[in-house]
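Just so we're aligned, residue 32 is where the sequence shown starts under this note's numbering, counting upward by one.
Read the structure below first, then the notes.
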Amino acid sequence: MRRWLQRHGLWVCLMALAPLSPAPGAEEGSGTDDFEGGVAAFQRADYGSALEHFRRAHQAGLDTPALSYNLGATYYRVGEYGHARVEFERLLGAEGWAALARYNLALIARRQGRPEEAVRELRRAARLSRDPKLTALARRALEAVASEPSTRSWIGFLSLAPGYDGNVAFSDEPELVGVSDNDDVFVEFLGLASGHFPSGGNAGFRFDASLFAKDFAEVDEFDQISLRLAGIREGAFRRWWTGVGAILDNVYLDGEYFETVGTFKVEGRRPLGEGWTLELRNRLSRIAADDDFRQLEGWRNQLDIALGLPVAAVRTTLGYQFEFNDREDLSVGEEFFSRSPNRHSFYVEASGAVAPDWGVTGRLEYRLSAYRDEDRVQSGGASFIEKTREEHRFDLRVRTDWSPAPTWFVFGEYGYTSNDASFDEFDYTRNVVRIGVERMF
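Here you go:
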């Protein structure tokens with residue numbers, strides 16, 4: 032532990048080397064006085080005053096890479112790592128600043144207990160740097176973090192969370208799905224092991240194995256166990272960080288086999304500059320199900336596009352997903368029920384730091400589902416209703432996380448769902464609350 036603290040302290044000291052010089056290209060009166068006041072306060076370790084000066088400089092119209100870097104360095108010093116990350120991500124697209132930004136993003140990742148991310152950023156910093164001193168610093172930091180136990184090839188994650196679900200059956204008419212109670216308490220468990228094995232350069236293989244279990248106190252029909260195995264090849268291609276691989280999921284309901292999902296995944300992420308990022312992902316899945324659920328068998332494709340952007344000190348993501356389904360569907364006598372929806376989802380997610388070890392995330396999503404073929408439903412006697420099933424779903428989720436130690440997390444989460452469907456039996460509202468603890472090791 033002493034050696035870890037010594038190394039960690041060294042990194043913090045290196046972080047203090049912010050560019051303490053006047054903002055280049057700035058006109059007098061445009062915030063330069065506050066910029067220089069912030070530099071002076073930083074030099075005497077008065078980080079609170081430095082932060083106020085740098086903020087006022089920004090409010091006065093000063094917008095330079097040097098100011099973003101100084102803001103990031105000062106936020107780091109006062110423990111506001113989320114704000115610091117936003118400032119350093121702004122520099123990724125600024126000419127001549129990418130290597131230094133990557134180095135400092137590595138420091139933040141290490142401080143927040145994400146050693147693998149720290150290693151990736153340090154490697155990028157060493158590769159991008161044209162400054163021999165910065166290159167040497169990045170390489171020494173790589174050697175230090177590589178020798179720590181927390182950077183071994185395999186990492187683990189455990190989560191345990193009791194909670195309350197106000198609509199277990201996803202229906203306001205639970206008798207339609209054969210349950211008498213529609214609300215219940217539950218306990219969730221998630222265990223994950225993830226291994227990363229470099230294969231040269233910036234590429235490597237990642238293997239994941241996970242177990243998810245959810246146990247309801249009364250409504251056993253919805254008890255769930257999910258097993259997952261995944262293999263992903265990750266690497267850098269030009270300015271993209273890419274991943275290509277396969278995922279296998281087995282799902283059991285109430286102790287009985289439900290379905291198997293095999294997925295081929297391709298994804299990529301790249302910075303756009305000024306803290307903006309672009310993420311693309313496509314997942315093609317083949318689904319096999321138990322005989323009682325053959326209508327769910329078939330193909331599913333999910334295409335995701337996400338744009339990350341900094342809004343003040345809040346990390347914001349705007350996303351869209353298109354989901355295509357080609358399932359077996361369900362025929363019962365002369366009745367027909369489509370199980371092949373095309374879905375369009377739009378969401379906004381925002382996360383920020385309330386305190387150094389306390390964060391809040393909010394997400395709002397709208398999903399439109401239009402089923403491919405008309406349902407044919409007997410309405411009484413010999414008459415039938417033929418209508419396309421369409422649903423409009425709104426989801427709201429708010430989560431707060433607190434980290435009492437680098438590898439421990441305590442969280443609380445609230446979710447609300449409202450689903451409005453063309454068939455009344457699929458209308459529902461749902462409230463879910465979870466409180467849990469997580470550990471990385």
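Cβ atoms here follow ideal geometry from the backbone N, Cα and C, with glycine treated the same way.
For residue i, the nearest candidate out of the options (CA to CA)
i, options, result
"W330", "Q90, D357, V468 and V250", "D357"
"T348", "L93, E354, E359 and I336", "I336"
"N462", "N213, A244 and G222", "N213"
"D406", "G393, D432, R424 and S371", "S371"
"S449", "R428, R465 and V441", "R428"
"R430", "Y447, D215, E421 and H423", "Y447"
"R155", "R301, D285, F472 and V292", "R301"
"R470", "A175, L221, G103 and Q409", "L221"
"D388", "A104, N135, R142 and R133", "R142"
"K296", "L98, F442 and R312", "R312"
"G299", "R314, N281, G226 and R325", "R314"
"E290", "G274, Y112, I256 and I263", "I256"
"V292", "N373, A172, A261 and Y100", "A261"
"G103", "I139, G92 and A71", "I139"
"F367", "Q409, Q333 and V342", "Q409"
"A413", "A452, R374 and G364", "G364"
"T273", "L242, G235, L279 and F253", "G235"
"Q333", "D323, A319, T294 and L303", "T294"
"N101", "G411, E67 and A169", "E67"
"E287", "G113, D323, A71 and H114", "D323"
"I278", "A244, F253 and F238", "F238"
"Y195", "S184, V218, F425 and T392", "V218"
"N373", "G390, E421 and G350", "E421"
"F472", "P146, G79, S316 and F119", "P146"
"V176", "A157, L153, A167 and T166", "L153"
"P341", "V379, F355 and R325", "V379"
"V275", "T63, I263, L284 and D285", "I263"
"L242", "R259, T392 and D458", "R259"
"R465", "K245, Q90 and H84", "K245"
Span of the alpha helix (DSSP H), counted from its first residue to its last, around residue i
i, result
"A125", "No alpha helix (DSSP H) contains A125, which DSSP labels as neither H nor E."
"L64", "The residue you asked about is not Leu; residue 64 is Asp in the sequence shown. Element bounds for D64: T63 to Q74."
"N135", "A129 to R142"
"Q90", "Y78 to Q90"
"G103", "P96 to R108"
"L159", "P146 to L159"
Per DSSP, cross-strand counterpart(s) of residue i
i, result
"H375", "F353 and L399"
"D426", "E396 and T448"
"I466", "G443"
"G274", "E265 and E298"
"N281", "L258 and T291"
"Y459", "N450"
"H227", "R237"
"A381", "T347 and G393"
"A436", "W439"
"V117", "Partner(s): none; V117 has no beta bridge."
"T431", "V391 and G443"
"E219", "A192 and K245"
"R358", "G329"
The beta strand (DSSP E) enclosing residue i, as first and last residue numbers
i, result
"S316", "W307 to A320"
"A337", "G329 to V342"
"S190", "W185 to D196"
"V363", "L361 to V363"
"A240", "A234 to F247"
"E366", "E366 to F368"
beta-carbon residue i near the ligand COA non-hydrogen atom, thresh 7 Å
i, result
"T291", "Looking for the ligand COA in the displayed structure turns up nothing, as the structure carries no ligands at all."
Only counting runs of 3 or more residues, tell me where the beta strand (DSSP E) segments fall wholly within the region 385-424, in order along the chain. 389-411
Does the structure place the region 389-404 close enough to the region 126-138 that three or more beta carbon pairs sit under 8 Å? no
Mind the definition here: the region 306-314 touches the region 114-125 only if three or more C-beta pairs lie below 8 Å; say whether that holds. yes
Touching or not, the region 431-443 and the region 415-423, by the rule of three or more beta carbon pairs under 8 Å? no
With three or more C-beta pairs closer than 8 Å as the rule, is the region 376-388 touching the region 358-368? no
For the 8 Å Cβ check, are there 3 or more pairs between the region 192-200 and the region 156-172? no
Under 8 Å, with one C-beta from each stretch per pair, do the region 265-273 and the region 243-252 reach the 3-pair mark? no
With a threshold of 8 Å, are at least 3 pairs of Cβ atoms found where one atom belongs to the region 222-230 and the other to the region 186-193? yes
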